[in-house]
Each structure stands twice: as structure tokens, then as C-alpha cells.
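Residue numbers (the working numbering): 18 to 157.
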Amino acid sequence: MCQSNSKGIFFRDAFAIYIVAALQDPDQWGSVEEWHSRVREAVDGRISIPVYLLLNKVDLVSPSDRQRCLQRGRDLAARLGLTGVYLTSAKTGEGLRHAVTQGVTRVLELVDCPTEEGEQSESSEATEVVTEGKARRCNC
């Protein structure tokens, strides 16, 4: 956990936040609520920031336990008002691309990036983002 004198430093100017817990470690699941509370306190006034729960180490859990844990994670996310839950593995990379892509897509929606070809904002730099097979031009 972060030290009290650095409260909020991890979240300052964040556009999205991922809370990570080991799928098979009940103690880490218990800390999700504490981290969520710290996040909400640190981003006070910026309620629209998406907060995701990554249940990591999915490669160490059986397929039947995955579904049970995913449902438990969804229940926790619904209770806390989290944006989404993803089963991931830092070791194998499973689920990470999808979780990050969904987070970035949500951030682009929140910062109101243009989605139609040819739309421009005041910024001179453009980034092309591919989501669901569509290219989006973003001048964020």
C-alpha cells in the first residue's frame, strides 16, 4: 500500500486506473476495497475516471475456478461501481491486451476524441487508434 504522505500521488492526473489482485489470493481480494477507497479519495471530483479490476495469475487457476472467480469479481465490481473486470496473466499475457485496449478506448471516449475521419481538434499531433476493426483518428 502507498504511504500516507504520498496519498494520491499514484493517481494524480490519471485517465484510467487498474486495481490488480491475485486471483487465487483471498488476502489480496480484501485489499481491493481499500485501494478503491483510496482511488476515490484521490480523484475526488473526477468521478468519470474508469477504474478496472484485474484479477491476475489466471494461468494458475483451473477453468472451472476461473468462472467462479470471475463471477465473484463481477459482484465486487458491481458493488464498488468499477468499470470492468478482467482475468489476466502477467506471465502469459492472457487478457492483458483486451483489458488495456478497453481502458484506452474508454479514456478516448471520456476525453471526447473525434471518431469521424477528418475531424480535428486544436492539437496538431494525431494518433490513430484501432478499436473493433475501425480506425479512429484522435488528436488528444
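Each residue gets a CB set at the ideal place from its N, CA and C atoms; glycine is no exception.
- Got a sec? Which residues, its chain only, sit under 8 Å from residue 91 by beta carbon, not counting five neighbours each side? One-based indexing of the sequence shown puts residue 91 at position 74. 102.
Which first and last residues belong to the beta strand (DSSP E) in which residue 117 is found? For the purposes of this step, residue 117 is taken as residue 100 along the sequence shown, with counting starting at 1. Taken as a continuous stretch (DSSP letters only), residue 117 belongs to no beta strand (DSSP E), being part of the alpha helix (DSSP H) at 113 to 127.
So what does DSSP say about residue 75, is it helix, strand or coil? Working through the sequence shown from its first residue, we reach residue 75 at position 58. Residue 75 falls in the helix class under three-state DSSP.
| According to the neighbour-count rule (16 or more other Cβ atoms, all chains shown, within 10 Å of its Cβ), is residue 20 buried or exposed? | One-based indexing of the sequence shown puts residue 20 at position 3. Unreliable placement is indicated for residue 20, whose pLDDT of 42 sits below 50; no coordinate value is reported for it.
Quick check: the region 59 to 77 against the region 28 to 47, are at least 3 beta-carbon pairs closer than 8 Å? yes
Q: Would you mind working out which of 104, 100, 97, 98 sits nearest residue 85, comparing C-alpha positions?
A: As a first step, residue 85 is located in the sequence shown; it is residue number 68 there, counting from the start. The shortest Cα separation from residue 85 among 104, 100, 97, 98 belongs to 104.
Residue 73 to residue 126, Cα distance in whole Å? Here residue 73 refers to the residue found at position 56 when the sequence shown is read from its first residue. Here residue 126 refers to the residue found at position 109 when the sequence shown is read from its first residue. Cα-Cα distance, rounded: 26 Å.
Under the three-state DSSP convention, the category residue 101 falls into | Indexing the sequence shown from 1 puts residue 101 at position 84. In this structure, residue 101 counts as strand in the three-state DSSP scheme.
*asked:* Measuring alpha carbon to alpha carbon, tell me which residue in 111, 114, 129, 93 is nearest residue 52.
replied: Position 35 of the sequence shown, counted from the first residue, corresponds to residue 52. It is 93 whose Cα lies nearest to the Cα of residue 52.
For residue 122 and residue 114, I'd like the C-alpha separation in whole angstroms. Locating residue 122 in the sequence shown gives position 105, counting from the first residue. Locating residue 114 in the sequence shown gives position 97, counting from the first residue. Roughly 12 Å between the two C-alpha positions.
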